[in-house]
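Participant: Can you read through this structure? Questions will come right after.
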Amino acid sequence: MAYYGHSGENLDKSDWQTLKDHLVNVSEMAGKFAEGFGAKEMAEMAGILHDIGKYSNAFQSRLEGSGIRVNHSTAGAKEAFAMCGKLWGTSLAYAISGHHGGIPNGGKVSPSDLHGRLQSEVKDYSAYKSEIFSLLNDDWNKPRMEIENKIVAFQMANLVRMVYSCLVDADFLDTESVLDEKRSHMRKCSESIEELFHRFEKHMDILQNNASSTSINSQRRHIYDCCYKKGLNDRGLFSLTVPTGGGKTLSSMAFALRHAKKHGLKRIIYVIPFTSIIEQNADVFRKIFGDENVLEHHSSYQFENFANANENSIDDLQRSLRLATENWESPVVVTTNVQFFESLFSNKPSKCRKLHNIANSVIILDEAQMLPFEYLKPAVSMLGDFVMNYHSSVVLCTATQPSLNPFFSDRLNISEIIDNQEELTKDFKRVSVYYIDMFSNEKLKERILSEHQVLCIVNTRRHAAALYRLMEGERGVIHLSARMCPAHRREALKRIKTLLSENAECRVVSTQLVEAGVDIDFPVVYRASAGLDSIAQAAGRCNREGKLKEGKVFVFEPEKMGMPGGWLSSTAARGREIIRSLKANEDVLDSGPIQRYFKLLYWEDEKLLDKKRIMERSRLGDKDFIYPFSDIAKDFKLIENDMVSVIVPYGLKSDDLKHHKLESIFNKLRFSKYKKGVINELQPYTVQVYRHEFKKLIEAGALEQPVDGIYLLVRGNLYKPDMGLEIPDVAYRQDEELVF
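So this is what it looks like as C-alpha cells:
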C-alpha cells in the first residue's frame, strides 16, 4: 500500500504527499540548516525518523477521516534511542518526540516525559522498513563540539534545541510547500550581507561628509573607525564600550557587517532590552537597508509603518515579514531581550524554529548592562556556547560595561573594540554629577519648575504620577511612564523632541523607561537614587550633543514612595556605596567606579544570578541524559506573568468609536479564525497592570471582556490624555458614561 504523510483535498489522493517524500525532504532540509554548525548528519537522522510513526495503519486511516488519535512522534524517538546509544540516541529522541508538542522533560516521572514515552506501546509502524530503512545510517558523524566540563549537560541541551530547531522548521516548511503553496511563495529572499554592506558604506559616506566639524562628531568618527577596523578580527566575544551619544548604533552595525562579510556569517541580530526604544533603531536600519531586509520582531510591532514601500507592495511586504518572524530568515533582525533569550531556552516549535538561524550570526547585545540579572549565568553561558560551538560572534554594547568576564568560559576572552577607551570617556565628558540627600516632592517640584528645560527620572509609576500631579497645569510639564500605552508614549516623545528643538519650556517627569537609547537632550537631569548603570543612562539624556560647556545631573534620595524594595533598592544601595567612597578627582561615571559597582552587585550573592537554578539543574548523569527541557522553558521568563494586559481607548472620543482603529481591530478579533495576529495589533493600545490593580479595575466595573483573555477599559475617564491609566481607589458610579 502507499503511505502518506499529509492529506490534500482531492479524493483520488493526487495532491497528497507521500510519507517517504516528506521524510526525505525534511531530512535534507534539516541537514542543510545544521550544516553550518557541524550537526548535518544528526539533523538528517532526526528528519528521516521524525514521522515514521505515520507508517501505522491507524494513522493512515486517520488521514482518510478516522477520528482515532495516533501518537506518531514516539516511534521515531524509540528507533533513534535503540540505534544510536544512550547519549546520542537520547538527544535525537528528545528532538523527535517533541516535534509537535514541545521537547519533553527527561526521565519518567510522568507518561509524557521522554523515558516514560520510550517505554510506552505505540501502533505498529514496522512498514517503514520497506521504504526508508535503507536510508538510515547508524554510523553518522557526531557533531564535534568544544566542551566545557562544568556545563557539558547545558551544552548538550543546547545542541538538542538547535537540532530540534532545524527539524521543526524543515517540517513546517516542507508541509507548507505542499499544502499551502501560496503562503510558501510569500517567503521572499532578502539581499546578501555583502549587498547590505555596500549599501551601508554609501550611506555612511554621505552621512559623515555632511556632518558638521564638531568635537563630538570627531569622536564619533573615531568610534566608527575603530568598529570598522576591528570588524576584520577573528570571530569571538567582543565588548563595545561607548559613552552615551557616541553613535554606537551605526558603529556597531559597521563592525557587524564587515565582520559578517569576512567570516561568511548570515545575519546580524540586534538585541535591545526595551520595546520602547527598539523602533528608532529599526527605523534607522530600514532607511539604510530597505524594509524588506530588516525584520523587527517584538510584541508591539505593527507591520504597516515602512520606510520605502509603495502602496501596491505593502500588503506583500507585510505578509512576507510576518512569515519571517517564524524563523528569522532575514539578514537583519531587531528584537528584544525577552524574545531572544526566552526563545533560546524554549522547548516549543513556535519559538524554537528560529534558533538555527541564530547560528552563524553577529549577535549585538545593546545596553548589555541590562542583561537579565536573575538569569545572568544561564544567559551568559548561552552566549558563550554560541561563540564556541555555533560560529557566532557576540558584541556586548554599552556605555557602562558590566564585569562579565568571570561568567564566561576561560577559553573566551572579551576583546574591547574601542582603542584609547579611557581617553574617549574623558573626551566625551559632558556632564557633572552632583549627589543630594533626601528631597521631598515639594522641594523637587520647586527645583523642576525653576528650570526652563529639565528631565526628572524616578523609579516608580506611582512616584511619577504623584510628582506630575503636583505640577499639573504648569507650562511645559509632561508625564511619561508605562501607565501610558505605547502609542501614547510615542506621541509624548514626539512632543518632547519638538519642544526641545524649539527651545520651548519642557519639564518632563518620567520613569526609567526614558533612559536606555531614547534620543533626547536636556541641559539638566534629576535622577532618583539608583544603580550607577541607571545614573549613567540618565546622564546620557543630558547635554547629549555637547552644545553646553557642562550639563548637570543631580542624583537625589526620593521620598519613601520613590524607592521600591527588591532589586531596585539593592542596586541603589550599591550605587550609593560607590558614590560615597569616590576618591579625590574620581568621577562617578569613570570606568573604575563602574567596575567596582558591578563587582559589588554580582558577587554579593552569586545565587541571585541564577534565580531558577537553571545551571544547577543542567547535569549529565552517568547512565542517562536526563534534562528538564519543559520545566526550564516554563521557568526562564524574563517578565514574570504577574501582570494583566488592558486595552485602553487612547485617542478615542466618546462619539467616534466607529471611526477609530480599535473598532476595526475588535471586529477582526471577534470574527477572525486566527486571533494571534489580531491580538498583536492591539499592543500599541495596551497597558500592563499588576494583579491588585486589575482587581480594583474589575471592582470599579471599568473592564469588559469582549473576547476571552482580552480586557478592555470601558470607563474612558480612567485613561487620562496627559498621564495614561489611573487606577481607581474606590468603586465608580454605575451611571458614568461608557466609552465602549
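Quick note on our numbering: the sequence shown kicks off at 75 and runs consecutively.
In this text, a Cβ means the ideal position worked out from N, Cα and C, and glycines have one as well.
(1) Find the nearest neighbour of P723 within the set Q757, I346, E680 and K711, judged by alpha-carbon distance.
(2) Runs of 3 residues minimum, wholly inside the region 425–449: which ones carry the beta strand (DSSP E) assignment?
(3) Run through DSSP, which three-state label would A658 get?
(4) For F699, which residues of its own chain have a beta-carbon under 6 angstroms away from its beta-carbon, when the five flanking residues on both sides are left out?
(5) If you run the structure through DSSP and keep just helix, strand and coil, what is S326?
(6) Taking the continuous alpha helix (DSSP H) assigned at F271, which residues delimit it?
(7) Could you tell me whether the Cβ atoms of S349 and L369 are closer together than 8 angstroms?
(8) Helix, strand or coil: how does DSSP classify M558 here?
(9) Determine the closest residue to Y701 out of R332, V599, N232 and G159, with distance taken between C-alpha atoms.
(10) By the 10 Å Cβ neighbour count, where 16 or more other Cβ atoms means buried, how is C530 classified, buried or exposed?
(11) Can you find at least 3 beta carbon pairs, one from the region 241–258 and one from the region 120–137, that sit closer than 8 angstroms?
(12) On the three-state DSSP scale, how would you describe S630?
(13) Among the residues of its own chain, which have a CB less than 6 angstroms from the CB of S555, if the five just before and after it don't count?
(14) My guess is that I221 and L97 are in contact by the Cβ rule of under 8 angstroms, so how many angstroms apart are they, rounded?
(15) Nearest to Q527 by alpha carbon, out of G547, K626 and V761?
(16) Which two residues bound the contiguous beta strand (DSSP E) that contains M512?
(17) Return helix, strand or coil for I346, following the three-state DSSP convention.
(18) Going by DSSP in three states, C300 sits in which element: helix, strand or coil?
(19) Using the C-alpha atoms, what's the distance from R557 back to D803?
(20) Could you pull out every residue in the same chain whose Cβ sits closer than 8 angstroms to the Cβ of A610, ignoring the five residues on either side in sequence?
(21) Tell whether a beta-carbon distance below 8 angstroms holds between L486 and L311.
(22) From this set, V461, G172, L450 and M157, which residue's C-alpha is nearest Q229's C-alpha?
(23) What's the call for G141, buried or exposed, on a 16-neighbour Cβ count within 10 Å?
(24) Looking at S603: is its Cβ nearer than 8 angstroms to the Cβ of A540?
(25) Below 8 angstroms CB to CB, which residues in the same chain sit around K340 once its five sequence neighbours on both sides are set aside?
(26) For G79, does the three-state DSSP call read helix, strand or coil?
(27) Please check the pair K336 and L306, which I expect to be a contact at CB under 8 angstroms, by giving their CB distance rounded to whole angstroms.
(28) Taking the alpha helix (DSSP H) that S417 falls in, what are its first and last residues?
(29) Report yes or no: do three or more beta-carbon pairs, one from the region 445–452 and one from the region 407–419, lie closer than 8 angstroms?
(30) State the beta-bridge partners of N315 as determined by DSSP.
(31) State the CB to CB distance for the pair A488 and I342, rounded to an integer number of angstroms; the pair is presumed to be in contact (CB under 8 angstroms).
(32) Is P452 helix, strand or coil by DSSP?
(33) Given this structure, state the Cα-to-Cα distance separating I652 from L606, to the nearest angstrom.
(34) What does a CB cutoff of less than 6 angstroms around R504 pick up in its chain, not counting 5 residues either side in sequence?
(35) Determine the direct distance from the alpha carbon of M103 to that of A612, and round the result to whole angstroms.
(36) Going by DSSP in three states, Q527 sits in which element: helix, strand or coil?
Facilitator: Here's the rundown:
(1) In the sequence shown, counting from the first residue as 1, residue 723 sits at position 649. Answer by Cα proximity: Q757.
(2) 435–440
(3) For the purposes of this step, residue 658 is taken as residue 584 along the sequence shown, with counting starting at 1. Note: A658 maps to coil in three-state DSSP.
(4) One-based indexing of the sequence shown puts residue 699 at position 625. Here the set comprises L161 and T164.
(5) Numbered from 1 along the sequence shown, position 252 holds the residue referred to as residue 326. Looking at S326 - three-state DSSP - the assignment turns out to be helix.
(6) On the sequence shown, residue 271 is found 197 positions in, with the first residue counted as 1. Its alpha helix (DSSP H) spans residues I267 to N284.
(7) Position 275 of the sequence shown, counted from the start, is the residue given in the question as residue 349. Position 295 of the sequence shown, counted from the start, is the residue given in the question as residue 369. As written in the sequence, residue 349 is Thr, which differs from the Ser given in the question. No, Cβ-Cβ distance for T349 and L369 is not below 8 angstroms.
(8) As a working mapping, residue 558 is identified with position 484 in the sequence shown. Correct three-state label for M558: coil.
(9) Along the sequence shown, read from residue 1 onward, the residue named residue 701 stands at position 627. Ranking the options by Cα distance to Y701, first place goes to N232.
(10) As a position in the sequence shown, residue 530 is number 456, starting the count at 1. Burial call: buried.
(11) yes
(12) Here residue 630 refers to the residue found at position 556 of the sequence shown. Note that residue 630 corresponds to Phe in the displayed sequence, not to Ser. F630 falls in the strand class under three-state DSSP.
(13) On the sequence shown, residue 555 is found 481 positions in, with the first residue counted as 1. Non-local beta-carbon contacts of S555 in its own chain, meaning distances under 6 angstroms to residues more than five positions away in sequence, involve R535, A538 and T585 in chain order.
(14) Translated into positions along the sequence shown, residue 221 becomes position 147. Translated into positions along the sequence shown, residue 97 becomes position 23. With a Cβ gap of about 31 angstroms, I221 and L97 do not count as contacting.
(15) The residue given as residue 527 occupies position 453 in the sequence shown. For the residues G547, K626 and V761, the minimum Cα distance to Q527 belongs to K626.
(16) Taking the sequence shown and counting its residues from 1, the one referred to as residue 512 is at position 438. Note, M512: beta strand (DSSP E), V505 to M512.
(17) What you label residue 346 is simply residue 272 of the sequence shown in a count that begins at 1. The answer is strand: DSSP assigns I346 an E or B state.
(18) Against the sequence shown, residue 300 aligns to sequence position 226. C300 falls in the helix class under three-state DSSP.
(19) Here the question's residue 803 lines up with position 729 in the sequence shown. Here the question's residue 557 lines up with position 483 in the sequence shown. Their Cα atoms are separated by approximately 16 angstroms.
(20) In the sequence shown, counting from the first residue as 1, residue 610 sits at position 536. So the qualifying residues of the chain are T318, A473, T474, L663 and I668.
(21) Stepping through the sequence shown from its first residue, residue 486 is reached at position 412. Stepping through the sequence shown from its first residue, residue 311 is reached at position 237. It is a contact, given that the beta carbons lie within the stated cut-off.
(22) Position 155 of the sequence shown, counting from 1, holds the residue named residue 229. It is V461 whose Cα lies nearest to the Cα of Q229.
(23) Residue 141 sits at position 67 when you count from the first residue of the sequence shown. The residue in question, G141, is exposed, as its Cβ has fewer than 16 Cβ neighbours within 10 Å.
(24) Counted from its first residue, the sequence shown places residue 603 at position 529. Counted from its first residue, the sequence shown places residue 540 at position 466. Not a contact, by the Cβ cut-off of 8 angstroms.
(25) Position 266 of the sequence shown, counted from the first residue, corresponds to residue 340. G110, I267, A334, P405, N431, N434 and S435.
(26) Looking up residue 79 in the sequence shown gives position 5. If DSSP states are grouped into helix, strand and coil, G79 belongs with the strands.
(27) Here residue 336 refers to the residue found at position 262 when the sequence shown is read from its first residue. Here residue 306 refers to the residue found at position 232 when the sequence shown is read from its first residue. The pair is a contact, with the Cβ atoms about 6 angstroms apart (cut-off 8 angstroms).
(28) Here residue 417 refers to the residue found at position 343 of the sequence shown. From DSSP, the alpha helix (DSSP H) with S417 extends over N411 to L418.
(29) yes
(30) Position 241 of the sequence shown holds residue 315. Looking at the sequence itself, residue 315 is Thr, so the reference to Asn does not match. Partner(s): T472.
(31) The sequence position of residue 488 within the sequence shown is 414, counting from 1. The sequence position of residue 342 within the sequence shown is 268, counting from 1. Rather than Ala, the amino acid found at residue 488 in this sequence is Ile. Actually they are not in contact, since the Cβ atoms of I488 and I342 sit about 19 angstroms apart, beyond 8 angstroms.
(32) For this step, residue 452 is matched to residue 378 along the sequence shown. DSSP places P452 in helix when its eight states are reduced to three.
(33) Your numbering for residue 652 matches position 578 in the sequence shown. Your numbering for residue 606 matches position 532 in the sequence shown. Between I652 and L606, the C-alpha separation is close to 8 angstroms.
(34) As a working mapping, residue 504 is identified with position 430 in the sequence shown. The answer, listed in chain order, is N617, G620 and G625.
(35) Within the sequence shown, numbered from 1, the residue matching residue 612 stands at position 538. Within the sequence shown, numbered from 1, the residue matching residue 103 stands at position 29. Between A612 and M103, the C-alpha separation is close to 48 angstroms.
(36) In the sequence shown, the residue the question calls residue 527 occupies position 453. Residue state for Q527 is assigned as strand, using DSSP reduced to three classes.
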